[in-house]
Every structure is written in C-alpha cells, then in structure tokens.
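Read through the structure below, which is laid out as structure tokens, and then see the notes.
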Ligand code: ADP
C-alpha cells in the first residue's frame, strides 16, 4: 500500500477527513509491518493516521538496503548528487502547502509556522546541494624528503538518523541533506508523533531521483529500531535529535561498535537582558524566541535573566504582548500558538508552573491549562516573575509557553547563573555595550549565541551545543564535514 502517494492531493484528503494509512519506505518500496501505530492531531485529540510498525525486522531490512545502495551512491559524482538534491529541494518547495498541512495536522504548530519550517527545512537541502561540489581535501607539506601528502574526504557510510516531533521536516533535512551530499545513505526513524511529514519527504526523495535504498524511512518501536541502528556494524554513524536521556542511551549503545555519533540534545537557554538594552526590542525578541512553536524548541528562551533596573519595564512590555497571543487550532488564521504535542506535555508544564507558584514566584499572566476550554492539549501563554535558580522551571527544559524572569544584578552573577546547568545549546544577550558583548559571549558556555537577535539558526551556520546539549554541528560546511571521513595519503619518493 502506498502512503503519501500523492503529496499534491493531501489537501483533498484532509478535506475528506480520510484516515491516512501508511507503510514504511525501504529500498525504494512501501513496506507494511506486523502492527500499526496511531497518530493524533494534538489540536483535538482525533486519530488522523495509522502507521505501519516495521520494528526490528524493518530496521534490519532498511540497513541492508542502505548498505547495498552505499556501494553505488558513494561513487556517484558530487555534481550528480548535487542535481538530485536540487530537485528534492524544488519538489519540497512545490509541495510547501501540503507539507505544511501535514506538519500542522500531526504536530500542531500554526500553519504559518509550518510554512516557515518547510522553507527552513528546504534551505538545508539547497545548501547541501551546493556544498556537495565543494567537499574536498587539501595538499600537505611533510617532513619526508621527496614526498607529497594530501587529504581526501569520503562519506562515512550508512547513517542512522533518529528525529523528534517538534520540526518534523527540518530535523530530517538538516541531517539527511548534508549526509546525502557527502555520499552517505540513510535510515531515518522519525518520531512516532510525526511520521507523515517524514514519509512525504521520502516520497519526494524518490521522485527527485535518489536511487532505491539511498533514503529509507522506517516507523515503529523506537528502542527496537534504535537497537539495530546503534549496534549494526554496517551503520557507521548515528545522528540524533531529541532528549538528553535518549541521547545518552544511544551513545552508550553506539560504544560497542565505536560508532560516530552526532547528538543534538536538550537546552536551557538563558535570555540575558542587560540594563542598557533596548527593552522594547528585547521584549519582541523574547516573544519570538519563547513562544515560537508554543515554546517547543530546543533553542527556546528558558530563563529570562534580567538586570533589576529594567526588570519592571520588561515585565510590563512582555505582559502587554503575551496578553495579545491567541492559542488555538493551528489551521485557524488568527491562532498565534498551537497546542502542545500531547496531554502529557500539558501536565508537565503545569506542574512546573504550580511548583514555581508554591515556591513564591508571581504568575503575572496565564498559568493555566486550556485543554477543556479549547478541546486539545493547549496551555495558556504564561509569564512568571520572581523566579529563583532552585525552582523546577529554572532547572528543566520547559518545552512549553512559559517565560520566567530571574532578576540578577552583576555581570559575574549573570554568567554564573547562565552556566548553572548541564546544558549549553543556545543563549541570547540583549545589550548595546560592546564590552558586555565580548565578556558575556566569551563567559557563557553555549554553542550558539544571539546578540540582540532571537533566532540564530540558518543553513549556512553551525548549529549545536556544548556540555550535555550534544556533540557535533549541523549546518554550513561543518554540517557536511560531520558525515565525512578525513583520509590522509602520503606518496613517498617522487623526486
Ligand atoms: P521526546 O521526549 O521529546 O519525544 P525523545 O528523546 O524521547 O524526545 O524522542 C526523540 C526521538 O527518539 C523519537 O524519534 C523517539 O521515537 C526516539 N527514541 C525514544 N526512545 C528511544 C530509544 N530507546 N531508542 C531509539 N530511539 C528512541
């Protein structure tokens, strides 16, 4: 049974309210499983799809398909690989509206945000298509008389790729496009919450002309599939985006075959507002960073660290903006915030808010569940003032529309609080003082820092974290290099 067999008819199928029934995509074919998994629309809790669970057997089959395909794909000229990637980029952009509908349907973010994600996701395919032609080694001087040395960059091999639900398209393209550009083949396991976007990408990859087995997308039991991807000697690398707990587990599992891992894990982003900052701009930046995708991004502002002199002004500016944000079904044109991914997430963020309230923080606005009012897993956009470092809301990645203010006086204490977390992914600093820019950006331990900028990611820049936020970088030339082996060759005695 074919799956998203015609992405260009998804709009009609959505109008029909027909249930999607989907298989996995292995070796260029749609493959059924022994069981199925249901997919839900978080805006109303309704079942929208039944997805084949191909489990361990499917993973073994997909690894075999990718291993066989690698033998030919690695030899395809980078110029040809580039053309196929360009075609994939074109098809993704042509299917933008339908992919956005799938994203909103299975993940909940607003249709506007979903459109943005497709464009962002495609930009990695375009960048990688261009970069494919520029993966090259260097010539080297050596101490050996008459010799010549050089390096070449070759594809790592079969890559297992495990992705989360918050960016169902972009988290896949950000890993796959550079890997495919380098000459690797892929076995992709999307999140069980969002398989439809991934399978649509597989169908578009097939149409773009990737040979059978180069791109495989398998759905089903995560530990079973993860077990195969991390233990098979045929898989040379595992790329993962998700929770730190699962990342650590996969790293442990991958140790048995000394597999390369690229991990993009959790964050606890400080958003620092210094007393010389433009407070209106800082408030706009916080809204953009904190409430995008209802706060469900790993780079979302998690702790608003503010100098006391400007804290009241910032609270007022934020309260005014937050009171205008409208939660609702992502397909409604006036919705600003979609639902959280499921009811478990609503309960989790509510517990964080209630713990802060009990520990003495002030709930300036929001602070309540909206699930019964709106009929899906919604939570009110919330502002907390008077947060302290010991509160659960400060120590955990919130992954919800909760902004919490921490008033801190000195630069030294600001750096200390910012670094008081095992995470080190994204951070934001608002200041107009160039000395503070340097001292703060060099003092805090984060992989990406936005100065007076609430969003930092782009296809051309390195995305990734320090400490327990991960290993490796996605994007730019670094994102492609991750998927290559650096080989050194020495030719002796040419004189
Ligand atoms: P979240 O809690 O946000 O869903 P997870 O880290 O649990 O984050 O999930 C991210 C991805 O990791 C998903 O594709 C999920 O299915 C997958 N995953 C979860 N547990 C495992 C596991 N034990 N082995 C392999 N993959 C896993």
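Numbering (our numbering), first residue to last: 5 to 499.
Idealized CB from N, CA, C, for every residue including glycine.
Which residue's Cα is closest to the Cα of residue i: the options?
| i | options | result |
| --- | --- | --- |
| residue 82 | 317, 371, 132 and 122 | 132 |
| residue 470 | 303, 237 and 155 | 303 |
| residue 454 | 156, 221, 438 and 431 | 431 |
| residue 54 | 77, 104, 246 and 196 | 196 |
| residue 507 | 391, 211, 449 and 257 | Since the first and last residues shown for the chain are 5 and 499, residue 507 lies out of range. |
| residue 220 | 103, 415, 227 and 207 | 207 |
| residue 258 | 240, 379 and 247 | 240 |
| residue 202 | 407, 495 and 27 | 27 |
| residue 99 | 332, 402 and 209 | 209 |
| residue 350 | 312, 396, 337 and 406 | 406 |
| residue 383 | 438, 332 and 34 | 332 |
| residue 233 | 262, 107 and 248 | 262 |
| residue 367 | 358, 491, 285 and 457 | 358 |
| residue 174 | 123, 151, 106 and 275 | 123 |
| residue 401 | 327, 273, 90 and 495 | 273 |
| residue 448 | 419, 463, 286 and 429 | 419 |
| residue 251 | 373, 290, 155 and 472 | 472 |
| residue 185 | 44, 266 and 90 | 90 |
| residue 182 | 464, 43, 497 and 236 | 464 |
| residue 137 | 84, 110 and 177 | 84 |
Just curious, the beta strand (DSSP E) that residue i is in, first and last residue?
| i | result |
| --- | --- |
| residue 454 | 452-455 |
| residue 240 | 239-245 |
| residue 221 | 219-221 |
| residue 57 | 51-57 |
| residue 248 | Residue 248 -> not in any beta strand (DSSP E); alpha helix (DSSP H) instead, spanning 248-258. |
| residue 265 | 264-268 |
| residue 28 | 28-30 |
| residue 42 | 39-44 |
| residue 275 | 273-277 |
| residue 207 | Residue 207 -> not in any beta strand (DSSP E); alpha helix (DSSP H) instead, spanning 199-212. |
| residue 35 | 33-35 |
What span of residues does the alpha helix (DSSP H) with residue i cover, start to end?
| i | result |
| --- | --- |
| residue 319 | 312-326 |
| residue 485 | 480-485 |
| residue 103 | 100-111 |
| residue 227 | 226-235 |
| residue 463 | Segment: none, residue 463 is in no alpha helix (DSSP H) and carries neither H nor E. |
| residue 129 | 115-135 |
| residue 177 | 174-186 |
| residue 283 | 283-295 |
Spatial neighbours of residue i within its chain, please: C-beta separation below 6 Å, excluding the five flanking residues on both sides.
| i | result |
| --- | --- |
| residue 126 | 93, 96 and 97 |
| residue 443 | none |
| residue 78 | 159 and 187 |
| residue 378 | none |
| residue 179 | 165 and 243 |
| residue 36 | 27 and 56 |
| residue 485 | none |
| residue 48 | 379 and 380 |
Give a yes or no on whether the minimum CB-CB distance between residue i and chain D is below 8 Å.
| i | result |
| --- | --- |
| residue 478 | Absence of chain D from the displayed structure is noted, only one protein chain being present. |
Which residues does DSSP list as the beta-bridge partners of residue i?
| i | result |
| --- | --- |
| residue 165 | 192 and 243 |
| residue 160 | Paired residues: none, contrary to the question. |
| residue 153 | 144 and 494 |
| residue 87 | DSSP output for residue 87 lists no bridge partner at all. |
| residue 474 | 268 |
| residue 24 | 53 |
| residue 489 | 158 |
| residue 95 | In the DSSP output, where bridge partners are listed per residue, residue 95 has none listed. |
| residue 305 | 273 |
| residue 331 | 341 |
Given residue i, which residues of its chain have a CB within under 7 Å of its CB, disregarding the five upstream and five downstream residues?
| i | result |
| --- | --- |
| residue 481 | 135 |
| residue 468 | 268, 451, 474, 476, 477 and 478 |
| residue 66 | 30, 191, 220 and 222 |
| residue 301 | 170 |
| residue 70 | 162, 189, 190, 191, 217 and 220 |
| residue 335 | 108 and 115 |
| residue 88 | 212, 213 and 214 |
| residue 5 | In this predicted model, residue 5 has a pLDDT of only 37, less than 50, meaning its place in the structure is not dependable enough to derive any value. |
Just to confirm my understanding: we take residue i, look at its own chain, exclude 5 residues before and 5 after, and list those with CB closer than 8 Å. What are they?
| i | result |
| --- | --- |
| residue 440 | 278, 280, 415 and 433 |
| residue 283 | 277, 314, 317, 318 and 321 |
| residue 228 | 59, 60 and 63 |
| residue 23 | 51, 52, 53 and 54 |
Margin query: Suppose only complete runs of 4+ residues qualify. What are the alpha helix (DSSP H) ranges in the region 374-451, listed by chain order?
Written below: Here the runs fully enclosed are 375-378, 396-399, 415-422 and 438-447.
Notebook entry, point to check: Considering only residues of the region 334-372, which uninterrupted alpha helix (DSSP H) runs meet the minimum length of 4 residues and lie entirely inside it, listed in chain order?
Noted result: Taking 4 residues as the minimum length, the alpha helix (DSSP H) runs contained wholly in the region 334-372 are 347-362, in order along the chain.
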